[in-house]
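K.L.:
Can you read through this structure? Questions will come right after.
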């Protein structure tokens, strides 16, 4: 009996999910009104802090077991990008909030 359904390659499956996530993220972010920018940045900073925890775990793999150098390298890159994102997000948030403060005369 011929098997009708064939297994999908895991790489193709993950790539298609990534591409869909990019499109959904693009349309969600660009449809946000400027008034909601500061709360959106706060959520982005929270997500980046979760990425920092995962990146620290990936960097520390070599200390716990015989982890690959690739995991440590990608963990370091993720840690660096997430830290830059968090710091930049806080700077943008502070700048946005400063726009709403009354100026002293």
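Numbering (UniProt numbering), first residue to last: 1 to 105. All residues carry an ideal CB built from backbone N, CA and C; glycine is no exception.
1) If you follow the alpha helix (DSSP H) that residue 34 is part of, which residue opens it and which one closes it?
2) Starting from residue 69, follow the alpha helix (DSSP H) in both directions and report where the run begins and ends.
3) In this structure, does DSSP put residue 60 in helix, strand or coil?
4) For residue 25, count neighbouring Cβ atoms within 10 angstroms of its own Cβ and tell me buried if that reaches 16, exposed if not.
5) Determine the burial state of residue 75: buried for a count of at least 16 other Cβ atoms within 10 Å of its Cβ, exposed for fewer.
6) What's the C-alpha gap between residue 29 and residue 73?
7) Apply the 10 Å Cβ neighbour rule to residue 48 and answer buried if 16 or more other Cβ atoms are within range, or exposed otherwise.
8) Quick check: what's the CA-CA separation for residue 99 versus residue 93?
P.N.:
Taking the definition as stated:
1) One-based indexing of the chain shown puts residue 34 at position 34. It is not in any alpha helix (DSSP H) - residue 34 carries neither H nor E in the DSSP assignment.
2) As a working note, residue 69 is residue 69 in the chain shown. Residue range 69-99 is occupied by the alpha helix (DSSP H) that includes residue 69.
3) Position 60 of the chain shown, counted from the start, is the residue given in the question as residue 60. In this structure, residue 60 counts as coil in the three-state DSSP scheme.
4) Reading the chain shown from its first residue, position 25 is the one you call residue 25. Burial call: exposed.
5) For the purposes of this step, residue 75 is taken as residue 75 along the chain shown, with counting starting at 1. Per the 10 Å Cβ criterion, buried.
6) The count along the chain shown starts at 1 and reaches residue 29 at position 29. The count along the chain shown starts at 1 and reaches residue 73 at position 73. For residue 29 and residue 73, the gap between their C-alpha atoms comes out near 29 Å.
7) Translated into positions along the chain shown, residue 48 becomes position 48. Looking at its Cβ environment, which holds 16 or more other Cβ atoms inside 10 Å, residue 48 is buried.
8) Here residue 99 refers to the residue found at position 99 when the chain shown is read from its first residue. Here residue 93 refers to the residue found at position 93 when the chain shown is read from its first residue. Cα to Cα, residue 99 sits roughly 10 Å from residue 93.
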